[in-house]
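Engineer: Here my numbering is used: the first residue of the sequence shown is 23, the next is one more, and so on.
Dumping the structure here so I can ask a few things about it.
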Amino acid sequence: MKIIGLTGSIATGKTTASTYLKNQGYAVIETDRIYHDLLKPKKAAWQAIVEHFGPEFLTEDAEIDRKKLGQLVFSDQAARMKLNQISHPIILEEVKRQIESHRAEKLVFLDVPLLFESKWENNCDLVWVIAAPNDLQLAWLMKRNNLTLEEAKSRINAQMSQAEKIQKADAVIWNKSSIEEFEKAIEMQLRRSV
């Protein structure tokens, strides 16, 4: 089994790439999905976040107020580091469990937005970075998350730069035109990686 890490900066097309790979029949382990599940009331990450950040980060339904928590961690590096410190070990434990359940697969994709920041590249045989031109990334993020230009720039700047991720990648897949062209680029990289 070969594990391919799939990463990239915010709003570059990782979800589109993951969806395409799943539709082609590949196993894709999505850490964002795992994280969202672990944020459900009374689950491990939920408990740790409420203990550290306080009940003011809960909605009326006792859910984590992800928008409010996001505003905090994208504007406060210490808070972001603490959130990562709390959540990453819990997520990694579940990722390892899911990898074990796919042992029979030839290729397994590990979709981790903060793969390099979390030092998870050591869990992968190869790392693919999904990249997009900066102007498109900014426009996509503003539209997707209904953010102002300043809010979108703040979120992009809170992460490792796209250039640095590209430098660390085994392969870079550019998302800069149509979905069809993007999918062709993914398919080409698949053929190279098998």
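Glycine included, C-beta positions come from ideal geometry on N, C-alpha and C.
Using 8 Å for Cβ pairs, my map puts Leu61 next to Ala67. What's the rounded Cβ distance?
Structural biologist: Confirmed, about 6 Å.
Engineer: Is DSSP giving Leu24 helix, strand or coil here?
Structural biologist: One point to set straight first is that residue 24 is Lys, not Leu, in the sequence displayed. Correct three-state label for Lys24: strand.
Engineer: Take Arg125 and list the residues in its own chain whose beta-carbon comes closer than 7 Å to its own, dropping the five residues that flank it on each side.
Structural biologist: Correct list, in chain order: Met23.
Engineer: Rounded to a whole number of angstroms, what is the C-alpha to C-alpha distance between Lys141 and Gln120?
Structural biologist: Rounded to whole angstroms, Lys141 to Gln120 spans 19 Å at the Cα level.
Engineer: Count Cβ pairs between the stretch 69-87 and the stretch 187-195 that sit closer than 8 Å; are there 3 or more?
Structural biologist: In short, these stretches do not touch, since the Cβ pair count stays below three.
Engineer: Touch check for the stretch 155-175 and the stretch 40-47: three-plus C-beta pairs under 8 Å?
Structural biologist: Taking 8 Å as the limit for Cβ pairs, the verdict is that the stretch 40-47 does not touch the stretch 155-175.
Engineer: With a cut-off of 8 Å, does the C-beta of Gln189 fall near any C-beta of chain B?
Structural biologist: Structure shown: chain B not included; a single protein chain is present.
Engineer: To the nearest angstrom, report how far apart Leu28 and Pro135 are at their CA atoms.
Structural biologist: Taking the straight line joining both Cα atoms gives about 8 Å.
Engineer: Quick one, are the C-beta atoms of Ala174 and Leu160 less than 8 Å apart?
Structural biologist: Yes. Within cutoff.
Engineer: What is the DSSP secondary structure of Ala70, counted as helix, strand or coil?
Structural biologist: Of the three classes helix, strand and coil, the one that applies to Ala70 here is helix, per DSSP.
Engineer: Is the beta carbon of Trp150 less than 8 Å from the beta carbon of Ile26?
Structural biologist: Result yes, Cβ atoms of Trp150 and Ile26 sit closer than 8 Å.
Engineer: With distance defined between alpha-carbon atoms, name the residue in Ile86, Tyr57, Leu163 nearest to Ile112.
Structural biologist: Of the listed residues, the one whose Cα sits closest to Ile112 is Tyr57.
Engineer: Report the residue from Pro155, Ser183, Glu73 whose alpha carbon sits nearest the alpha carbon of Ser109.
Structural biologist: Measuring from the Cα of Ser109, the nearest candidate turns out to be Glu73.
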